[in-house]
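Trainee:
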Amino acid sequence: MVIALLLVSVAGMGAAIGITFPLISLTLERLEFGSTLIGINTATGSLGIIIVGLFTGRLLRSFGNFMPLLAATALSVGSLLIMPLIDHAAGWFVLRFTLALGLGFLWLLSESWINGLASNERRGRMIGYYSAAFSSGFAVGPLLVATIGSIGSFPFVVTAAIITVSAIPLILLSNRESVTKIGGSAQMSLFWIAPVIFLVALAAGLFETTAYSLLPIFTLRTGLSEMESLYALSACSAGGIALQMPLGRLADTKGRDFLMAVTAIGILLGIVAMPYAVYSTPLLLALLFFWGGMIFGMYTLGLILLGDKYPTSDLIAANAVFIIFYEVGGFGGPALSGLAMDLWPDHGFTSFLLMVAIIFAGLTIFHLRRNPDKVRP
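Each step along the sequence shown adds one to the number in this note's numbering, with nothing skipped, and position 325 is 987.
1) Look at the Cβ atom of S797, then the Cβ atom of F958, and state whether they are nearer than 8 Å.
2) Do the region 947-958 and the region 896-908 touch if we need at least three Cβ pairs shorter than 8 Å?
3) Mapping the DSSP letters down to three states, classify P1007 as helix, strand or coil.
4) With distances taken between CB atoms, is the gap from L950 to R918 smaller than 8 Å?
5) Give the straight-line distance between the Cα atoms of G1024 and S875, rounded to the nearest whole angstrom.
6) Which complete beta strand (DSSP E) runs does the region 772-856 hold, if anything under 3 residues is left out?
7) Start and end of the alpha helix (DSSP H) containing S942?
8) Suppose only complete runs of 4+ residues qualify. What are the alpha helix (DSSP H) ranges in the region 668-754, listed by chain order?
9) Between the alpha carbons of T962 and S812, how many angstroms are there, rounded?
10) Could you tell me whether the region 783-800 touches the region 739-750, using the rule of 3 or more Cβ pairs below 8 Å?
11) Against chain B, does L765 count as a neighbour if the rule is that its beta carbon must be under 8 Å from one of theirs?
12) With 16 other CB atoms within 10 Å as the buried threshold, where does G938 fall?
13) What first and last residue would you give for the alpha helix (DSSP H) that runs through S902?
14) Can we say the region 703-716 touches the region 859-876, given the rule of at least three CB pairs closer than 8 Å?
15) What residue from T826, P944, A979, F1014 has the CA that sits closest to L852's CA?
16) Give me the residue from M960, M788, L945, L1030 with the minimum Cα distance to A865.
17) Which class does M663 belong to by DSSP, given the choice of helix, strand or coil?
18) Using only CA atoms, which one of L998, T826, S671 lies nearest to A794?
Below you can see the structure in the form of structure tokens.
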């Protein structure tokens, strides 16, 4: 019952995040902010979640779960309701930051609680369920934007309502003993126990956030309509839904390092093929389905490794460090990719991602050769 409630909450938050990426990007494009400014605005959201990662453990030890959950929900909803009233850059940067503070807190708690309730033998499957629930919501998000539109206040009000409903299970579970254990380990000491986990988080954040913030802009510039661009983003998310449970089972049966190699190489191959697939919509949708599955699979892998390595009492703190690294990747990726798109409009998006994918694939192979997989069921 607890897991079911958490998965419902996770799916709702995935939908809210899936709406905000294209909704804010398309709104800012309509306001003629430019790719670089849109990318930096997305990076501002990442900065907000980094702040959450730094202070969540201290906040929970001081105030418990209940009041911070209420405050985070109110902050997220309030930010969304004010956004359509703003037409200048400074206001959008402030509101993107405050939205990230609220959503980031809800995300961190739900993710840590699910991981802490899983056993090592079935952690891959459990995290697969989590990732599938989150990516299901995420895939619905762009479809909702395609259905209700990206103009006016209504899509922002709908997103605020989704966040409110999604926070209710977390608030109801906030006083359960199984989700209230908070250890006192220093965050950076947790990093040095298993640095590779946080390297995976860094790569996942860079690929995921860059793709989901600027993929609609890239596809619009190659000639797709706004509707087709949103469908392309949903195809990317749909791959995350369909492939996460199989990838989780793969981690339980073949080992964690095997999954790391699969996801790193899959992301690289997807980027190589993208410039050739973009002129055929069916082919592009199929490619993005596969590529999105690999991107979400890298995040799934990181969470599995995190739960394997850290005790429940340290899991929220370790998960906070994981999210910090994820968001560092998310902070730099969209800003640099947006700059590349301004400098090289036709190929900047794929060229930047290809460069990073080659580096990470090389580092992954180096790690696998020096560190045989020791994490098996």
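Glycine included, C-beta positions come from ideal geometry on N, C-alpha and C. Everything numeric in this text was worked out from a predicted model, so none of it was measured.
Mentor: Taking the definition as stated:
1) yes
2) yes
3) coil
4) no
5) 26 Å
6) none
7) Element bounds for S942: n/a, residue is neither H nor E.
8) 697-725, 728-744
9) 30 Å
10) no
11) Among the chains in the structure shown there is no chain B, since it carries only a single protein chain.
12) What sits at residue 938 in the sequence shown is Tyr, not Gly. Y938 comes out exposed.
13) It should be pointed out that residue 902 corresponds to Gly in this sequence rather than to Ser. Start and end: 888-916.
14) yes
15) A979
16) M960
17) coil
18) S671
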